[in-house]
Amino acid sequence: EAGVAQSPRYKIIEKRQSVAFWCNPISGHATLYWYQQILGQGPKLLIQFQNNGVVDDSQLPKDRFSAERLKGVDSTLKIQPAKLEDSAVYLCASSTRPLAGITDTQYFGPGTRLTVL
Amino acid sequence: SQQGEEDPQALSIQEGENATMNCSYKTSINNLQWYRQNSGRGLVHLILIRSNEREKHSGRLRVTLDTSKKSSSLLITASRAADTASYFCATDESGANNLFFGTGTRLTVIP
Numbered sequence: 633e634a635g636v637a638q639s640p641r642y643k644i645i646e647k648r649q650s651v652a653f654w655c656n657p658i659s660g661h662a663t664l665y666w667y668q669q670i671l672g673q674g675p676k677l678l679i680q681f682q683n684n685g686v687v688d689d690s691q692l693p694k695d696r697f698s699a700e701r702l703k704g705v706d707s708t709l710k711i712q713p714a715k716l717e718d719s720a721v722y723l724c725a726s727s728t729r730p731l732a733g734i735t736d737t738q739y740f741g742p743g744t745r746l747t748v749l
Numbered sequence: 030s031q032q033g034e035e036d037p038q039a040l041s042i043q044e045g046e047n048a049t050m051n052c053s054y055k056t057s058i059n060n061l062q063w064y065r066q067n068s069g070r071g072l073v074h075l076i077l078i079r080s081n082e083r084e085k086h087s088g089r090l091r092v093t094l095d096t097s098k099k100s101s102s103l104l105i106t107a108s109r110a111a112d113t114a115s116y117f118c119a120t121d122e123s124g125a126n127n128l129f130f131g132t133g134t135r136l137t138v139i140p
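Here the protein sequences line up with chains A and B, keeping their order.
One gets the working numbering by counting positions in the first sequence from 1 and adding 632 to each.
One gets the working numbering by counting positions in the second sequence from 1 and adding 29 to each.
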């Protein structure tokens, strides 16, 4: 079974530039998550999709971050414009649809390490 | 909602010793999961324990859950150098539909 794919693996940009990350979840997984992991911390959820609908984006800085999941498969996360504090690893994860509100195992991609100079 | 907190933040042991990590949380949960993260890589799921379970085993891993104390522990027996990684607990809080990750324990196993 192929895992969660992400690209690029690394990205270096200057502040105020734009950047986009791509994620391809495990086939058949209805739920897709984007996390931000700052060095030395645990992952923080940015946005959760159920198929192509947003379930939770309460922690997404919507003035600069946007995400979409067209056709309920691949997803892109965009930052525009980037700030220094956006330097982090951006992780994509997928899982089967939560059953009765219970979250199942999440499968993570390798992440994209973003450095904002 | 609150993230879990792992204790200790860092742990260094000799190969062959056991490693114990603890996780505390603040709300009621459906389940608690443990993940491992090797340096520069994504997270790998280790084990899931449901709120009505008290103990679970998987290979060299043993997880306990005490919902009255809102705490969990992960025991790795007979550690190996390859176990060197960061370990995170993640809580599936009732009604939240997603996971909340703790701050992690950095484990170093010295060969």
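Where is the CB? At the ideal position from N, CA and C, for every residue including glycine.
In three-state terms, what does DSSP make of residue i?
{"i": "D718(A)", "result": "helix"}
{"i": "G45(B)", "result": "coil"}
{"i": "S30(B)", "result": "Low local confidence applies: a pLDDT of 45 at S30(B) is under 50, so the model's placement there is unreliable, and no value is given."}
{"i": "L702(A)", "result": "helix"}
{"i": "A107(B)", "result": "coil"}
{"i": "K749(A)", "result": "Note that residue 749(A) is Leu in the sequence shown, not Lys. Correct three-state label for L749(A): coil."}
{"i": "N51(B)", "result": "strand"}
{"i": "T708(A)", "result": "strand"}
{"i": "R135(B)", "result": "strand"}
{"i": "S100(B)", "result": "strand"}
{"i": "N692(A)", "result": "Note on residue identity: the sequence assigns Leu, not Asn, to residue 692(A). In this structure, L692(A) counts as coil in the three-state DSSP scheme."}
Can you check DSSP and say which residues form a bridge with residue i?
{"i": "R65(B)", "result": "V73(B) and Y116(B)"}
{"i": "K85(B)", "result": "V92(B)"}
{"i": "Y739(A)", "result": "S726(A)"}
{"i": "N60(B)", "result": "R79(B) and D121(B)"}
{"i": "T744(A)", "result": "Y722(A)"}
{"i": "L677(A)", "result": "Y667(A)"}
{"i": "Q682(A)", "result": "T663(A) and G685(A)"}
Quick check on residue i - is its C-beta less than 8 Å from some C-beta in chain B?
{"i": "L746(A)", "result": "no"}
{"i": "D688(A)", "result": "yes"}
{"i": "Q738(A)", "result": "yes"}
{"i": "T735(A)", "result": "yes"}
{"i": "L723(A)", "result": "yes"}
{"i": "G704(A)", "result": "no"}
{"i": "P713(A)", "result": "no"}
With a threshold of 8 Å between beta carbons, is residue i in contact with chain A?
{"i": "D36(B)", "result": "no"}
{"i": "N81(B)", "result": "no"}
{"i": "G88(B)", "result": "no"}
{"i": "R65(B)", "result": "no"}
{"i": "T137(B)", "result": "no"}
{"i": "R70(B)", "result": "yes"}
List, from N- to C-terminal side, the alpha helix (DSSP H) runs of 4 residues or more that fit wholly inside the segment 633 to 671 of chain A.
Taking 4 residues as the minimum length, the segment 633 to 671 of chain A contains no alpha helix (DSSP H) run wholly inside it.
Check distances from the C-beta atoms of the segment 119 to 131 of chain B to those of chain A and list, in chain order, the residues that come in under 7 Å.
Going along the segment 119 to 131 of chain B in chain order, one finds D121, G124, N126, N127, L128, F130 and G131 with a Cβ nearer than 7 Å to chain A.
Proximal residues, the segment 35 to 61 of chain B versus chain A, C-beta separation under 8 Å:
Within the segment 35 to 61 of chain B, those residues whose Cβ lies closer than 8 Å to any Cβ of chain A are, in chain order, N59 and N60.
Residues of the segment 94 to 108 of chain B with Cβ closer than 8 Å to any Cβ of chain A, in chain order:
Going along the segment 94 to 108 of chain B in chain order, one finds no residue with a Cβ nearer than 8 Å to chain A.
Residues of the segment 662 to 694 of chain A whose Cβ lies closer than 9 Å to any Cβ of chain B, in chain order
Answer set for the segment 662 to 694 of chain A: T663, Y665, Y667, Q669, G672, Q673, G674, P675, K676, L677, Q680, Q682, V687 and D688.
Interface residues of the segment 639 to 664 of chain A facing chain B [CB-CB below 7 Å]
Contacts with chain B (Cβ-Cβ distance below 7 Å) from the segment 639 to 664 of chain A involve no residue at all.
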